[in-house]
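Data block below; observations after.
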Ligand SMILES: Cc1cc2nc3c(=O)[nH]c(=O)nc-3n(C[C@H](O)[C@H](O)[C@H](O)COP(=O)(O)OP(=O)(O)OC[C@H]3O[C@@H](n4cnc5c(N)ncnc54)[C@H](O)[C@@H]3O)c2cc1C
Ligand SMILES: Nc1ncnc2c1ncn2[C@@H]1O[C@H](COP(=O)(O)O)[C@@H](O)[C@H]1O
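Dropping the structure here:
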């Protein structure tokens with residue numbers, strides 16, 4: 001089985017976002033980057049599929065030189081091959097998807113895994129876009145993937161419950177938390193990843209269809225009040241919730 | 249010209265987020281002097297159509313087909329795109345629900361449209377649409393423009409108001425031709441936990457962290473949630489410890505929520521947690537540590553023991569609400 005995973009390189013979740021001088025993007029100075037957390041889950045799932053069905057796992061990332069760090073981490077986790085689709089420009093999800101789809105069309109994997117969303121722009125688009133571009137099925141926010149021959153039965157999250165979804169391969173799956181616990185790269189894996197090659201190719205993405213015209217911080221919340229230190233504060237809390245917030 | 253709003257329903261009921269979507273579509277349609285059309289897709293769902301006029305639809309289009317009894321994303325996306333083309337829709341609005349997010353990218357590509365996800369505002373400026381959306385889990389906001397002639401937007405639940413008016417809509421049936429290939433991906437079973445609402449849809453969330461000390465003590469939060477008709481949420485620390493299910497996690501790698509009231513119990517307020525809930529309208533924090541970062545964003549804080557305060561809050565609320 002050939003499994004491909006698309007992974008993105010995003011600011012660390014600890015990052016306190018500062019708006020850059022262009023007022024359209026973030027100030028990247030001092031920001032640490034990492035593999036998007038849902039993409040780690042996707043890589044883990046791919047490795048488990050390889051363990052079960054044999055074959056190979058290829059990871060792809062579209063972006064600048066820096067994306068190699070995230071590709072390197074996937075290699076350390078144990079993937080067989082890493083490809084950087086090189087592109088230094090800022091793109092929207094549609095454009096990123098066109099670049100990935102072109103490469104994936106040639107690769108023709110049985111399974112393509114994505115994270116359910118990148119935790120930078122939180123678009124939740126790229127995976128489903130790639131599926132539509134390749135004309136193959138997709139199942140979003142999966143917490144279980146059970147492959148039996150060419151048929152796949154998934155559990156997918158919906159509001160307040162789960163759906164069982166059936167589909168056929170080749171297909172795209174978007175990993176949600178709960179699908180698995182991603183492994184930490186072993187020391188041996190990290191050492192081995194240092195000498196594994198990362199294939200580089202120029203990406204040829206289409207033009208973005210969504211453009212950012214302005215970025216700003218959300219309005220700061222006014223510091224609230226401390227209304228007490230024990231249960232004697234409860235009546236006052238109820239009064240505030242009733243009179244001021246009007247929520248009860 | 250029309251703005252088309254996709255309407256999601258479950259168990260014979262239209263979802264609140266879809267009423268919000270229709271009302272938002274109407275507001276934009278009025279500003280553009282366009283028509284607001286709502287689209288309902290499913291099997292045996294024609295009776296739902298009449299509920300949409302009061303939320304702003306002037307026409308309701310119904311695709312009612314036994315083949316659409318269960319959700320099938322390829323067939324649904326085809327139906328939405330077909331109707332959008334027929335109606336010459338200049339924009340398609342969907343709720344940013346799990347279903348909406350599953351369909352929107354496919355609908356957008358079929359219409360050669362750009363898609364702005366999870367919008368919290370859509371304004372008309374000089375005849376063009378400018379959408380506002382949170383990025384970096386709400387740590388920043390961006391205004392975006394979609395450059396294609398047709399535009400697709402998903403709207404975050406609980407943000408737009410579903411104002412009800414006295415409008416009346418005409419109802420039209422539309423038939424769409426499907427192929428067997430449109431059903432290769434299909435839902436075969438749905439399990440919905442009855443009782444408490446989901447965190448993304450709830451108006452009130454009672455959320456617990458490591459300060460709850462163990463899974464058994466979440467019964468205290470469930471009791472409070474039940475009095476309030478609230479959802480139960482959790483920090484990642486307690487989800488990772490296996491005390492609560494994944495789908496309750498609030499934060500940057502969990503759910504982003506915008507309820508009217510968020511009650512944080514024994515939660516420190518790490519950046520990743522705050523990212524997911526800071527857009528709540530009112531935040532109550534109960535925490536032993538006066539320096540816990542959660543107090544920086546809480547409207548009302550009690551520096552104290554959850555085991556002292558939460559049961560008392562439940563009792564007094566019950567009395568106050570006559571339950
Ligand atoms: C990549 C990444 C992603 C993450 N994503 C998320 C996410 O999506 N959501 C999320 O929540 N976290 C996330 N985290 C984790 C986050 O950094 C924190 O570790 C986590 O939120 C802490 O959870 P907590 O507040 O329950 O626990 P703690 O930080 O341990 O806080 C417990 C609090 O309870 C208080 N307390 C203790 N006993 C009592 C008592 N009896 N009464 C009252 N108060 C008491 C303490 O004073 C303390 O403030 C992420 C971390 C990383 C690295
Ligand atoms: N630049 C990229 N390179 C490779 N994969 C990406 C890239 N951006 C997004 N993805 C994949 O698409 C998923 C969804 O991203 P998004 O639609 O941006 O939220 C991510 O979880 C990744 O799996």
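Chains as they are written, first to last, in my numbering: chain A, 1 to 248; chain B, 249 to 571.
Don't be surprised by glycine CBs; every beta carbon is placed ideally from N, CA and C.
Problem - Collapsed DSSP secondary structure at residue 258 of chain A in the structure displayed - result: With chain A covering only 1 through 248, there is no way to say anything about residue 258 of chain A.
Exercise for the section: Please classify residue 93 of chain A: does DSSP put it in a helix, a strand, or coil? Expected result: Start at 1 with the first residue of the first chain, and residue 93 of chain A comes out as number 93. Note: residue 93 of chain A maps to helix in three-state DSSP.
Exercise for the section: Please work out which residues of its chain come closer than 6 angstroms, Cβ to Cβ, to residue 308 of chain B, disregarding the five sequence neighbours upstream and downstream, and give them in chain order. Expected result: Indexing the second chain from 1 puts residue 308 of chain B at position 60. If we look at residue 308 of chain B and ignore the five residues flanking it on each side, its Cβ neighbours are 286, 297, 300, 417 and 419.
Practice task
Step through the CB atoms of chain B and report whether any lies within less than 8 angstroms of the CB of residue 57 of chain A.
Solution key: In the first chain, the residue the question calls residue 57 of chain A occupies position 57. No, no contact with chain B.
Problem - Residue-level contact to chain C via CB, residue 20 of chain A, 8 angstroms cutoff - result: The displayed structure is made up of protein chains A and B, and chain C is not among them.
Exercise for the section: Below 7 angstroms between beta carbons is the criterion; list the residues of the region 150-173 of chain A that meet it against any residue of chain B, in chain order. Expected result: Within the region 150-173 of chain A, the qualifying residues are 157, 158, 159, 160, 161, 162, 163, 164, 165, 166, 167 and 168.
Problem - CB contact below 8 angstroms: residue 125 of chain A versus chain B - result: Here residue 125 of chain A refers to the residue found at position 125 when the first chain is read from its first residue. Yes, because at least one Cβ of chain B sits closer than 8 angstroms to the Cβ of residue 125 of chain A.
Problem - Helix, strand or coil at residue 497 of chain B [DSSP, three-state] - result: Here residue 497 of chain B refers to the residue found at position 249 of the second chain. Reduced to three states, the DSSP call for residue 497 of chain B is strand.
Exercise for the section: Could you check what DSSP says for residue 455 of chain B in three-state terms: helix, strand or coil? Expected result: Residue mapping note: residue 455 of chain B aligns to position 207 of the second chain, counting from 1. In the structure shown, residue 455 of chain B sits in a strand (DSSP, three-state: E or B).
Exercise for the section: Could you please give the first and the last residue of the uninterrupted alpha helix (DSSP H) stretch that includes residue 215 of chain A? Expected result: As a position in the first chain, residue 215 of chain A is number 215, starting the count at 1. Annotation: residue 215 of chain A is outside any alpha helix (DSSP H); the continuous beta strand (DSSP E) that includes it extends over 210-216.
Practice task
Have a look at residue 399 of chain B and residue 339 of chain B and give me their C-alpha separation to the nearest angstrom.
Solution key: Working through the second chain from its first residue, we reach residue 399 of chain B at position 151. Working through the second chain from its first residue, we reach residue 339 of chain B at position 91. Their backbone Cα atoms lie some 5 angstroms apart in a straight line.
Problem - CB contact check: residue 508 of chain B to chain A, cutoff 8 angstroms - result: Residue numbering aside, residue 508 of chain B sits at position 260 when the second chain is read from its first letter. So yes, residue 508 of chain B belongs to the interface.
Exercise for the section: Go ahead and label residue 173 of chain A buried or exposed: buried means 16 or more other beta carbons lie within 10 angstroms of its beta carbon, across all protein chains shown. Expected result: Within the first chain, the letter at position 173 stands for residue 173 of chain A. Under this definition residue 173 of chain A is a buried residue.
Practice task
Taking all protein chains shown into account, decide if residue 20 of chain A is buried (16 or more other Cβ within 10 angstroms of its Cβ) or exposed.
Solution key: In the first chain, the residue the question calls residue 20 of chain A occupies position 20. With fewer than 16 other Cβ atoms within 10 Å, it is exposed.
Exercise for the section: Compute the Euclidean distance between the alpha carbons of residue 534 of chain B and residue 458 of chain B, then round it to the nearest angstrom. Expected result: The sequence position of residue 534 of chain B within the second chain is 286, counting from 1. The sequence position of residue 458 of chain B within the second chain is 210, counting from 1. Those two C-alpha atoms are separated by around 12 angstroms.
Exercise for the section: Inspect the beta-carbon positions of residue 540 of chain B and residue 506 of chain B and report whether they are closer than 8 angstroms. Expected result: Residue numbering aside, residue 540 of chain B sits at position 292 when the second chain is read from its first letter. Residue numbering aside, residue 506 of chain B sits at position 258 when the second chain is read from its first letter. No.
Handout entry: Best match in A/33, A/204, A/185 and A/159 for proximity to residue 120 of chain A [C-alpha to C-alpha]
Key = As a working mapping, residue 120 of chain A is identified with position 120 in the first chain. Considering only alpha carbons, the answer is A/33.
Problem - Cβ of residue 323 of chain B within 8 angstroms of any chain A Cβ - result: Translated into the one-based positions of the second chain, residue 323 of chain B becomes position 75. Interface criterion not met: the Cβ of residue 323 of chain B is under 8 angstroms from no Cβ in chain A.
Problem - Amino acids of chain A, ordered along the chain, whose beta-carbon sits closer than 7 angstroms to that of residue 345 of chain B - result: By one-based count along the second chain, residue 345 of chain B stands at place 97. 159, listed in chain order.
Handout entry: Anticipated Cβ contact below 8 angstroms, residue 79 of chain A with residue 106 of chain A, distance rounded
Key = In the first chain, counting from the first residue as 1, residue 79 of chain A sits at position 79. In the first chain, counting from the first residue as 1, residue 106 of chain A sits at position 106. The C-beta distance from residue 79 of chain A to residue 106 of chain A rounds to 18 angstroms, too long to meet the 8 angstroms contact threshold.
Handout entry: Cross-chain neighbours of residue 6 of chain A in chain B, by beta carbon under 9 angstroms
Key = Numbered from its first residue, the first chain carries residue 6 of chain A at position 6. Those do not exist, as residue 6 of chain A stays about 14 angstroms from chain B at its closest Cβ, beyond 9 angstroms.
Exercise for the section: In the DSSP assignment, find the beta strand (DSSP E) that holds residue 111 of chain A and state where it starts and stops. Expected result: Counted from its first residue, the first chain places residue 111 of chain A at position 111. Per DSSP, residue 111 of chain A belongs to the beta strand (DSSP E) from 111-115.
Practice task
Kindly indicate which three-state DSSP category residue 184 of chain A falls into: helix, strand or coil?
Solution key: The residue you call residue 184 of chain A lines up with position 184 of the first chain. When DSSP states are grouped into helix, strand and coil, residue 184 of chain A belongs to the coil group.
Handout entry: Bounding residues of the alpha helix (DSSP H) (the contiguous stretch that carries residue 332 of chain B)
Key = Here the question's residue 332 of chain B lines up with position 84 in the second chain. Counted as a single uninterrupted DSSP element, the alpha helix (DSSP H) harbouring residue 332 of chain B occupies residues 321-334.
Exercise for the section: With 8 angstroms as the threshold, decide whether the Cβ of residue 526 of chain B is near any Cβ in chain A. Expected result: Residue 526 of chain B sits at position 278 when you count from the first residue of the second chain. Nearest CB-CB separation between residue 526 of chain B and chain A: below the 8 angstroms threshold.
Problem - Near ligand 2: residue 123 of chain A beta-carbon under 7 angstroms from a heavy atom - result: In the first chain, the residue the question calls residue 123 of chain A occupies position 123. In this structure, residue 123 of chain A has its CB closer than 7 angstroms to one or more heavy atoms of ligand 2.
Practice task
Specify whether the region 256-272 of chain B and the region 223-236 of chain A touch according to this definition: at least 3 beta carbon pairs, one from each stretch, less than 8 angstroms apart.
Solution key: No, the region 256-272 of chain B is not in contact with the region 223-236 of chain A.
Exercise for the section: Round the Cβ separation of residue 325 of chain B and residue 342 of chain B to the nearest angstrom and send it over; I've been treating them as touching at under 8 angstroms. Expected result: As a working note, residue 325 of chain B is residue 77 in the second chain. As a working note, residue 342 of chain B is residue 94 in the second chain. At roughly 10 angstroms, the Cβ-Cβ gap does not stay under 8 angstroms, so residue 325 of chain B and residue 342 of chain B are not in contact.
Problem - Pick from A/224, A/149, A/37 and A/246 that is closest to residue 118 of chain A, judged by C-alpha positions - result: As a working mapping, residue 118 of chain A is identified with position 118 in the first chain. It is A/37.
Practice task
Please indicate yes or no: does the CB of residue 367 of chain B lie closer than 7 angstroms to some heavy atom of ligand 2?
Solution key: By 1-based counting over the second chain, the position of residue 367 of chain B is 119. Residue 367 of chain B: no, Cβ never under 7 angstroms from ligand 2.
Practice task
Label residue 477 of chain B either buried or exposed according to how many other C-beta atoms from any shown protein chain fall within 10 Å of its C-beta, with 16 as the threshold for buried.
Solution key: Walking along the second chain from the start, residue 477 of chain B turns up at place 229. If you draw a 10 Å sphere on the C-beta of residue 477 of chain B, you find fewer than 16 other C-beta atoms in it, and that means exposed.
Problem - residue 101 of chain A versus A/77, A/128, A/178 and A/123, residue with shortest Cα-Cα distance - result: Taking the first chain and counting its residues from 1, one reaches residue 101 of chain A at position 101. Nearest of A/77, A/128, A/178 and A/123 to residue 101 of chain A, Cα basis: A/128.
Exercise for the section: Taking the CB atoms as reference points, tell me whether residue 200 of chain A and residue 66 of chain A lie closer together than 8 angstroms. Expected result: For this step, residue 200 of chain A is matched to residue 200 along the first chain. For this step, residue 66 of chain A is matched to residue 66 along the first chain. Contact flag unset, no.
Problem - Cβ pair residue 362 of chain B, residue 356 of chain B closer than 8 angstroms - result: Indexing the second chain from 1 puts residue 362 of chain B at position 114. Indexing the second chain from 1 puts residue 356 of chain B at position 108. Yes, they are a contact pair.
Exercise for the section: Taking 8 angstroms as the cut-off, decide whether the C-beta atoms of residue 422 of chain B and residue 333 of chain B are in contact. Expected result: Translated into positions along the second chain, residue 422 of chain B becomes position 174. Translated into positions along the second chain, residue 333 of chain B becomes position 85. With contacts defined as CB atoms closer than 8 angstroms, residue 422 of chain B and residue 333 of chain B fail to qualify as a contacting pair.
Problem - In DSSP terms, what residue 154 of chain A is bridged to - result: Position 154 of the first chain, counted from the first residue, corresponds to residue 154 of chain A. Paired residues: A/145 and A/165.
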